Amino acid sequence: MSEYQTFEHDVLVIGAGGAGLRAAIEASAAGVSVGLVCKSLLGKAHTVMAEGGMAAAMANVDDRDNWKVHFSDTMRGGQYVNNWRMAELHAKEAPDRVRELEAWGAVFDRTKDGKILQRNFGGHRYPRLAHVGDRTGLELIRTLQDHGIHQGIEVYMEVTVIALLKDGERVVGAFAYEREHGRFRIFKAKAVILATGGIGRAYKITSNSWEGTGDGHSLAYDAGAELIDMEFIQFHPTGMVYPPSVRGILVTEGVRGEGGVLKNSEGTRFMFDDIPDNYKDQTADTPEEGWRYTQGDKNARRPPELLTRDHVARCIRREVKAGRGSPHGGVYLDIAWIKEKLPNAAEHIKKKLPSMYHQFKQLADLDITTTPMEVGPTTHYIMGGIRVDGDTQASTLPGLFAAGECAAGINGANRLGGNSLSDLLVFGKRAGEYAAKFALENNFGTFDNAQIEERARWALEAFDRESGENPFAIQNDLQEMMQDLVGIVRVEEEMQQALEGIKDLRERREKISLTGNIDFNPSWHTALDLHNLLNVSEAITLAAIERKESRGGQFRDDFPSKVAEFGKVNFIIKKGAGGQMEIRSERIPEMPEELKQIIEEMG
Amino acid sequence: MAKATFKIWRGNSEGGEFKSYDTEISEGMVVLDAVLQIQGEQAGDLACRWNCKAGKCGSCSAEINGNPKLMCMTRMNTLPVDEPITVEPMKAFPLKKDLVTDVSWNYEVKKRIKKFKPRTPDAPDGTWRMQQTDIDRVQEFRKCIECFLCQDVCHVLRDHHKHEEFIGPRFLVYAAALEMHPLDTENRLKDLKDDGNIGYCNITKCCTKVCPENITITDNAIIPLKERVVDEFYDPITKFLKLFRKK
Ligand SMILES: Cc1cc2nc3c(=O)[nH]c(=O)nc-3n(C[C@H](O)[C@H](O)[C@H](O)COP(=O)(O)OP(=O)(O)OC[C@H]3O[C@@H](n4cnc5c(N)ncnc54)[C@H](O)[C@@H]3O)c2cc1C
Ligand code: SF4
Ligand code: SF4
Ligand code: FES
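Residue numbers (my numbering), protein chains in the order written: chain B, 1 to 603; chain U, 1001 to 1247.
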């Protein structure tokens, strides 16, 4: 065997955000031994930043809500290229997953009759987001963490996986290093679950943390698994734009859910100017009606600020391009105005949006209870990811499962806010359950040492070069390029340029040299992460080129409309025999009659 | 644009020293931006932790000019930039490297505290009813981002190194959140007295002053817990009455 320290678990979970934790808890409950690895400390994963809430049709606030409405909202938001089975399971199971959190100690905000309170969010027909002020992600991750530490799960913090180990086609473990001393680790497992989150760090302006480098996408791809829907990136309409150092940090949609409005420099509520046809009859005609909706009037329709994120982001971009933006290249998001409507508005805002109040006060010297914020789009979420089976979360490789943001299907072309946190719970649980089942039915596989030695050599190469490229500079150049060429608005020519650029950056990556030694060395970590960022950037660009239409998170200036034919397919990416990236389209399976009917009924 | 000088602690468990770095300061910058800029341009192996860059994850704790703070929430314009700014790791925990400390002790302490144990559900569908006013206090405690800055300043840990005996303010807040949770049925008072040694806290309130989430650690969590412990174990009259109440 190899000289590296080896650990054995029935199920290995890679990632300790909401999805990974929920999966680990479920697998452990099935009686198998579970290892959980994460790049940061436990409880710090990206999930901790989630603000607005988690969507579940519990009907606590509006009794007209049920899973069918949630299902049809999700499909409409995703423009019908979603994995409808996942959208169905998600809508049906989310309420139980939220209630389960309460049984594990979560303390959600309450309705007057003492139930879990739910708030409005874009694209959801009824108030549906269970929340805790604007720190719902913290509540979710802390609840799972505090419950999970008593379930016999072995946690490996600050350990980064750099390859999946294979026995033929089957995934049988992972190869990793620990950050403190850079020592390699081998994890043998009967089943592996990827729950590594998103890819935001491929872009310059993003709401994501340094961890969002698409590791799971890239690990799965390198191992031969299929990726799907990679062209669909969610640019959240409201990121901070000023001061420069906070550009991209998220301003929760909850601000708009609580009555915040978007205005351009002329003071116009420009969202009323462009309401897509398929949302017209769900959208308020007047500001007055929109306000009543945010205050819980069941007869009012939602204000256009709460249209889907892809649409709101593009409207903001349009205003800025037309010269009607704010001084720092955004538009205004105004919640202070509600003082015209509510007597104790300032207190109300602080209570409902405490971290937003805090964030602007501390980082921008701005009081959101008196002054409008400046906001603009920020790279937020990837709808695409590892292709999985809707029921079991199994990838296309035996023994490999995926859940959470790194898995794909439920969101189609655009994710509704709040659907991610519930997705983590619903499919984290399912992944844990089915991975445990797989582990009980299979033995440990074997792998040859060559796989490991090759990867170890690859990982350490850069230390041998005397002088060369700085990994941070390459990362920066990649981020700027993706932002400029494969951003919110895309055209073929620019994306071809990006593919060339990625090739160059790959070559530069081969020339990286590093300062210092292998102990907790961020430049080394960045050099390794770069490989993943380049893989996902290429996948995004390839898929965005192939989808010659505009739909959800993909907007093509050269093909600005939706094309019915493209509504019937997903794009799938896989590593070819020669190591090159290959893409093909596949027809979306026919939806069962009963689901079709639901969509028709819900209009 | 202005330049600022940073003196950043570089070293590991065997020792280290302050190293000086000059870097450009732009508008709105926070200390974490400067540290990452230095890392990107001059010192690629400078170790530090961060995730959210928005005060939400509690990763970037450090001592800035001697004050325990989140680097991502400390704006440069709140510091005197005409003098060198010192950035060093938390002192109450062993150093791993540069600004990164070994906080694993905190994770072990938490594991020792008895977990949440809810009463049987109130409604037939397995759910509970709670009033907002009954959970406001618990929600305050649950804002904790586990930055461990309160642990860092508490003299019982920082100066007297009672890590074996005292669980520190963070876990008194954690215990308070459980004890005051309207649904919880567990009793942790004996553990708090004997294993957590809540008695070691002499209410200096240093923890409350540094909490970036503005949790009133001492007044709202520790003092009420201390009172409960006293009621349970030291006050003969209450103890006597309790004998009857239990029946
Ligand atoms: C600011 C913000 C606000 C948001 N608000 C909401 C909201 O209100 N509602 C909503 O539904 N969604 C929201 N989202 C989206 C949602 O938070 C994320 O999609 C979700 O948290 C992702 O969870 P996850 O479990 O898939 O992954 P993450 O939470 O990103 O966790 C990934 C884990 O994988 C680990 N990891 C990654 N790579 C490796 C590797 N190579 N080796 C080992 N470990 C690895 C990481 O360390 C981490 O533990 C928000 C996102 C942001 C950024
Ligand atoms: S109040 Fe108690 S817990 Fe807080 S710092 Fe002082 S001694 Fe420590
Ligand atoms: S109580 Fe405050 S200071 Fe202590 S760990 Fe939590 S957030 Fe940090
Ligand atoms: S980086 Fe998250 S609190 Fe500072």
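C-beta atoms are modelled at their ideal positions from N, C-alpha and C, and glycine is treated no differently. Predicted model only: the values in this text are computed from it and were never measured.
Straight-line measurement puts the Cα of T143(B) at about 28 Å from the Cα of R125(B).
Boundaries of the beta strand (DSSP E) harbouring G239(B): I233 to M240, taken from the DSSP string.
Not a single heavy atom of ligand 3 lies less than 7 Å from the C-beta of I1113(U). Classified as exposed, Q1131(U) has fewer than 16 neighbouring CB atoms from the shown chains inside 10 Å of its CB.
At a cut-off of 8 Å between C-beta atoms, P589(B) does not count as an interface residue with respect to chain U. Between ligand 1 and E1140(U), a heavy atom-to-CB distance of less than 7 Å is absent. The residue from T74(B), I25(B), A27(B) and W84(B) with its alpha-carbon nearest to that of K568(B) is W84(B).
Taking 7 Å as the Cβ-Cβ cut-off, the segment 1113 to 1126 of chain U approaches chain B at K1115, F1116, P1118 and G1126, given in chain order. Every candidate beta strand (DSSP E) stretch fails here, since none sits fully inside the segment 409 to 439 of chain B while reaching 3 residues. Contact check for S207(B) against H328(B) fails: the beta carbons are separated by 8 Å or more. Counting along the chain, no beta strand (DSSP E) covers Q79(B), and no H or E run does either. When the five nearest sequence neighbours on each side are left out, the beta carbons in the same chain lying within less than 7 Å of the beta carbon of V1153(U) are those of P1068, C1206, C1207 and V1210, in order along the chain. Exclusion of C1211(U) from the 7 Å shell around ligand 2 follows from its C-beta lying no nearer than that to any non-hydrogen atom of the ligand. Runs of the beta strand (DSSP E) spanning 3 or more residues and lying entirely within the segment 289 to 348 of chain B occur at 331 to 334, in chain order. For Q5(B), the enclosing beta strand (DSSP E) has its first and last residue at Q5 to I14. A distance filter of 7 Å between CB atoms and the heavy atoms of ligand 4 selects the following residues in sequence order: L1032(U), W1050(U), N1051(U), C1052(U), K1053(U), A1054(U), G1055(U), K1056(U), C1057(U), G1058(U), S1059(U), C1060(U), L1070(U), M1071(U), C1072(U), M1073(U), I1145(U) and C1147(U). Judged by beta-carbon spacing, P343(B) lies beyond the 8 Å limit of D134(B), meaning their Cβ atoms are not closer than that value.
In this model, F270(B) and E347(B) are separated by some 28 Å (Cα to Cα). Residues are counted here when their Cβ sits less than 8 Å from a Cβ of chain U; for the segment 451 to 485 of chain B these are N470, P471, F472, A473 and N476, given in chain order. Those residues of the segment 1006 to 1033 of chain U placed with their C-beta closer than 8 Å to a C-beta in chain B are N1012, S1026, E1027, G1028, M1029, V1030 and D1033, ordered along the chain. Distances from the alpha-carbon of N1012(U) to those of R99(B), H181(B), V81(B) and T6(B) put H181(B) closest.
Considered as a whole, the segment 1149 to 1194 of chain U harbours 1149 to 1153, 1155 to 1158, 1168 to 1179 and 1189 to 1194 as its complete alpha helix (DSSP H) runs of no fewer than 4 residues, in chain order. Apart from the 5 residues on each side of it in sequence, G468(B) sits with its Cβ closer than 8 Å to the Cβ of A462, K511, I512 and S513 in its chain, given in chain order.
In this structure, N414(B) lies near G78(B), with their beta-carbon atoms less than 8 Å apart. When rounded, the separation of the alpha-carbon atoms in R1228(U) and M1180(U) is 11 Å. For R1112(U), there is no enclosing beta strand (DSSP E); the residue is part of the alpha helix (DSSP H) that begins and ends at S1104 to R1112. Beta-bridge annotation (DSSP): M373(B) is paired with L333(B). Put simply, of I1215(U), L1189(U), T1216(U) and E1213(U) the residue whose alpha carbon is nearest the alpha carbon of K1226(U) is L1189(U). Note on K351(B): under 16 other CB atoms within 10 angstroms of its CB, so exposed under the neighbour-count rule.
Across the segment 150 to 162 of chain B, CB contacts with chain U closer than 7 Å involve H150, in sequence order along the chain.
Take C1057(U), set aside five residues on each side of it, and the residues of its chain with a beta-carbon closer than 7 Å to its own are N1051 and I1145, in chain order. Selection M482(B), D65(B), G404(B) and T308(B) evaluated against A539(B) yields M482(B) as nearest (Cα-Cα). In this structure, A407(B) keeps its C-beta atom at 8 Å or more from the C-beta atom of G390(B). In the three-state reduction of the DSSP assignment, S537(B) falls in the helix class, which pools H, G and I.
Shown here for K188(B): same chain residues with a beta carbon closer than 6 Å to its own, the five before and five after excluded, namely E8, G173 and F444 in chain order. Below the 8 Å Cβ cutoff, chain B contributes P522 as neighbours of L1046(U), in chain order.
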